[in-house]
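A.B. asks: Heads up: the sequence shown at position 255 corresponds to 262 in this note's numbering, and the numbers run straight through without jumps.
For glycine and all other residues, C-beta sits at the position ideal for the given N, C-alpha and C.
Can you keep this structure in mind? I'll have questions shortly.
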Amino acid sequence: MSKTLSQLGEFGLIDRLKKLLPQEGGCLLGIGDDTAVLPYTKDKYQLLTTDMLAQDVHFTRRMDARAIGHKALAVNISDIAAMGGVPTFAVVSIGLPKTTPVRFVEDVYKGMTALAGQFNVSIVGGDTIKSDKIVINVALLGEVKKKHLVTRAGAKPKDWIFVTGPLGGSLKSGRHLNFIPCVEQARFLVKNYKPSAMMDISDGLAGDLNHILSAAKVGAQLIEDAIPRHKGTTLNQAMTDGEDFELLFTIPMAKAMKLMDWQADHKAFYFYPIGEITADAKQRIYAKGFTHF
Ligand SMILES: [Mg+2]
């Protein structure tokens, strides 16, 4: 009998589908990173990503429609940021029940276009269909200079591990609906202190760090007290709560120390060092007082 989706899990399903999709057309990086990386110009790659939000899974009708629109685009921009790129063009597809108030739909788009304006993203098309519940899908293009591209692979032993901001409690606090994607921070990093690996934290620090570790067959030692967390959240929540959309990245030690010097005198950004990469891939994530990952 065929397995059901709940038996297989999200990542199991992605692995199965991956086998059905040969990489073609010169695609440089397909499934398994924050975005696909495609051929573009002599010195740039094109980035392509998509994310879908569904009513009662990612949002409810009682939430602010503008915030839902904001989030639908923001999660995609966050993935472009995670590659070191800038977002450019988006298409938006939306499935709507017949009974949806027009105002609700307009507000979703207002939330989206406000954020699009802030990041110079042009929404250039899409599709609308009738559906039982509201679904919103955004597909977003971006671009990145070849020399600025950062993937999830590439962390090396002794690299320092950083995050761009405090973690934990995003869903409970509603921050997942109004976060600003870390494009500026990522652009600053790739131009000045290029990370060896980077991704955005969507599923929680522990799970997402594991993607970076398994991509490079390395482990990590975290400094428990150094992990920045939002007020009122525990270490465990900071490690496992999803939807923070901060960036998680690694930088070779010498460069990381220069970054620490820089940020001692500058206030534009602050990057939190939370530990280092180790050679022991079996150890995976180790943090004192914290063993389950
Ligand atoms: Mg991501």
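(1) Compute the minimum distance between the beta carbon of A89 and the heavy atoms of ligand 1, and state whether it is under 7 Å.
(2) With F195 and A81 assumed to form a contact (beta carbons below 8 Å), what rounded beta-carbon distance in angstroms separates them?
(3) Any chance the stretch 112 to 122 sits against the stretch 163 to 179, with 3 or more Cβ pairs inside 8 Å?
(4) Would you call the CB atoms of P94 and G149 closer than 8 Å?
(5) I want to check one thing, is the minimum distance from the CB of D41 to the heavy atoms of ligand 2 below 7 Å?
(6) Identify, in the order they occur along the chain, each residue of the same chain with its Cβ nearer than 6 Å to the Cβ of I101, setting aside the five sequence neighbours on each side.
(7) What are the start and end residues of the alpha helix (DSSP H) that includes N144?
(8) Going by DSSP, what residue range makes up the alpha helix (DSSP H) through Q14?
(9) Between H77 and L184, how many whole angstroms is the CB-CB distance? I'm expecting something under 8 Å.
(10) Output needed for E250: all residues of its chain with C-beta closer than 7 Å, excluding positions within five of it in sequence on either side, in chain order.
(11) Quick check: the Cα distance between T240 and F256, rounded to an integer number of angstroms?
(12) Can you give me the Cβ contacts of P280 inside the same chain, cut-off strictly under 6 Å, excluding the 5 residues immediately before and after it?
(13) Taking buried to mean at least 16 other C-beta atoms within 10 Å of its own C-beta, is G91 buried or exposed?
(14) Looking at I38 and L54, is the spacing between their C-beta atoms short of 8 Å?
(15) Suppose the cutoff is 7 Å on Cβ atoms and the five residues either side in sequence are ignored; what does the same chain contact list for S138 look like?
(16) Where are the beta strand (DSSP E) runs, 3 residues long or more, that stay fully inside the stretch 231 to 282, in chain order?
(17) For P46, list the residues DSSP reports as bridge partners.
(18) Are there 16 or more other CB atoms within 10 angstroms of the CB of G132, so buried, or fewer, so exposed?
(19) Does any heavy atom of ligand 1 sit closer than 7 Å to the C-beta of S177?
C.D. replies: With the given structure in hand:
(1) Working through the sequence shown from its first residue, we reach residue 89 at position 82. At least one heavy atom of ligand 1 is nearer than 7 Å to the Cβ of A89, so yes.
(2) Locating residue 195 in the sequence shown gives position 188, counting from the first residue. Locating residue 81 in the sequence shown gives position 74, counting from the first residue. Not confirmed; about 19 Å, so no contact.
(3) no
(4) Looking up residue 94 in the sequence shown gives position 87. Looking up residue 149 in the sequence shown gives position 142. Going by C-beta atoms, P94 is nearer than 8 Å to G149.
(5) Annotation note on ligand 2: not contained in the displayed structure, which lists ligand 1 as its ligands.
(6) Taking the sequence shown and counting its residues from 1, one reaches residue 101 at position 94. Closer than 6 Å at Cβ, skipping near neighbours: T135, I143.
(7) Mapped onto the sequence shown, residue 144 falls at position 137. Taken as a continuous stretch (DSSP letters only), N144 belongs to no alpha helix (DSSP H), being part of the beta strand (DSSP E) at 142 to 152.
(8) On the sequence shown, residue 14 is found 7 positions in, with the first residue counted as 1. Counting along the chain, the alpha helix (DSSP H) containing Q14 begins and ends at 12 to 15.
(9) Translated into the one-based positions of the sequence shown, residue 77 becomes position 70. Translated into the one-based positions of the sequence shown, residue 184 becomes position 177. Between L184 and H77 the Cβ distance is about 7 Å, and since that is below 8 Å, they are a contact.
(10) One-based indexing of the sequence shown puts residue 250 at position 243. Closer than 7 Å at the Cβ level, and outside the excluded window around E250, lie S177, L178, H183, S209.
(11) The residue labelled residue 240 in the question sits at position 233 within the sequence shown. The residue labelled residue 256 in the question sits at position 249 within the sequence shown. Distance between the alpha carbons of T240 and F256: 22 Å.
(12) By 1-based counting over the sequence shown, the position of residue 280 is 273. Correct list, in chain order: W167, F169.
(13) Here residue 91 corresponds to residue number 84 of the sequence shown, with the count starting at 1. It counts as buried.
(14) In the sequence shown, the residue the question calls residue 54 occupies position 47. In the sequence shown, the residue the question calls residue 38 occupies position 31. No, these two residues do not count as a Cβ contact at 8 Å.
(15) Here residue 138 is taken as the residue at index 131 of the sequence shown, counted from 1. Closer than 7 Å at Cβ, skipping near neighbours: G102, L103, P104.
(16) 254 to 258
(17) Stepping through the sequence shown from its first residue, residue 46 is reached at position 39. Answer by DSSP bridge pairing, in chain order: Y52.
(18) The sequence position of residue 132 within the sequence shown is 125, counting from 1. By the neighbour-count rule (16 or more Cβ atoms within 10 Å), G132 is not buried but exposed.
(19) Counted from its first residue, the sequence shown places residue 177 at position 170. Because no heavy atom of ligand 1 lies under 7 Å away, the Cβ of S177 does not count as near it: no.
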